[in-house]
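Printed below as a string of C-alpha cells:
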C-alpha cells in the first residue's frame with residue numbers, strides 16, 4: 003500500500019495533525035490528540051489509534067499502559083486536510099486519563115465549567131506504577 | 003456573568019483554541035475551527051458559533067454570509083482545557099464551504115482519500131459575490 007495518502011495531510015510546522023476520536027456506536031467525541039506521519043501510518047496499519055505524545059516526545063499506542071486500546075473502524079480527513087477524524091471502539095469504555103469515558107466532561111453552565119461525567123475508574127488503578 | 007470561565011482555557015501561544023462543532027441530533031462531527039477569547043465569549047453570549055478566521059484575521063460569525071448559522075446548545079471543554087466541543091444545530095444543513103453537510107467528507111479507503119459525501123449545494127450559490 004502506497005503512503006501517498008499521507009502526503010495529502012496539511013501537517014503543522016511541527017509535523018503534526020490533530021485527531022478526533024469519536025465513539026463509532028454512540029457518536030460521542032472522546033478525545034483529541036496529535037499524530038505525526040508515523041503515528042497516522044501505524045494507526046491505519048494496526049487499525050488501532052497511535053498518537054504522538056507531545057509531552058513525552060514519542061509515539062503513543064493508546065492503551066499500551068492502561069489496556070484502553072482504541073479499535074479504529076474509519077479514518078476521515080476534513081476539507082482543509084488538517085484535522086483527522088477517527089471512528090473508534092474504546093476498549094474498557096474509558097478514553098480519558100482521569101478515568102472518565104470522555105475527555106470532554108466539563109460543561110459550561112451559567113458561566114462556570116462543571117464536571118458532569120462520573121469517574122468510572124480511579125486513575126491509580128488504570129496506570130499501575 | 004463573569005468572564006472567569008474564559009481564563010480556564012489553555013489558549014495557544016497565538017491566543018487560540020480549536021473548537022469542534024458536532025451536530026446535536028445526529029452526533030456527526032461537522033467541522034473544526036479556531037476561536038480566540040472574544041469568539042468564545044460571543045459564542046456563549048449569542049448561543050451561535052463565532053470563530054476566529056486565521057486567514058482573514060477577524061471574527062467570523064459562522065453563517066454571516068451563507069446563512070448557515072450554527073445554533074449552540076452546549077459548550078464543553080476537555081481535560082487539558084485546550085479543545086472546545088460545541089453541540090450545534092446547523093441551519094441549512096451545510097457546515098462545509100464546499101456545500102457538504104460536514105467538512106469530514108473524505109474517507110480513507112484502501113490507501114486513498116475518497117470523497118464520500120454529496121455536495122448539497124453549489125458553493126457559488128451559497129456565497130453570492
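Residue numbers (the working numbering), protein chains in the order written: chain A, 3 to 131; chain B, 3 to 131. Note that CB positions come from ideal geometry on N, CA and C, so glycine has one too.
Distance, residue 66(B) Cα to residue 74(A) Cα: 36 Å
Segment contact flag, the stretch 114 to 122 of chain A with the stretch 101 to 113 of chain B, C-beta cutoff 8 Å, min 3 pairs: no
Start-end ranges of the beta strand (DSSP E) lying completely within the stretch 27 to 56 of chain B, minimum 3 residues: 31 to 37, 52 to 55
Neighbourhood of residue 107(A) by C-beta distance below 8 Å, restricted to the same chain and skipping five residues each side: 98, 100, 117, 118, 119
From 110(B), 112(B), 69(B), residue whose alpha carbon lies closest to that of residue 1(B): Nothing about residue 1(B) can be reported from this structure: the residues present for chain B run from 3 to 131 only.
Minimum Cβ-Cβ distance from residue 99(A) to chain B less than 9 Å: yes
Length of the line joining the Cα atoms of residue 8(B) and residue 39(B): 7 Å
C-beta atoms of residue 59(B) and residue 72(B) nearer than 9 Å: no
Per-residue burial, residue 82(B) [other beta carbons within 10 Å of its own, 16 or more giving buried]: exposed
Residue 33(A) vs residue 23(A) beta-carbon contact at 9 Å: yes
Cross-strand partners of residue 122(B) (DSSP beta bridge): Partner(s): none; residue 122(B) has no beta bridge.
Inter-residue spacing [alpha-carbon to alpha-carbon] between residue 48(A) and residue 48(B): 43 Å
Neighbour list for residue 67(B) in chain A, Cβ cutoff strictly below 7 Å: Chain A residues near residue 67(B): none, gap ~17 Å exceeds 7 Å.
Cβ of residue 50(A) within 9 Å of any chain B Cβ: no
Given residue 10(A) as reference, the closest of 54(A), 30(A), 79(A) once Cα atoms are compared: 79(A)
Span of the alpha helix (DSSP H) around residue 7(B): 6 to 9
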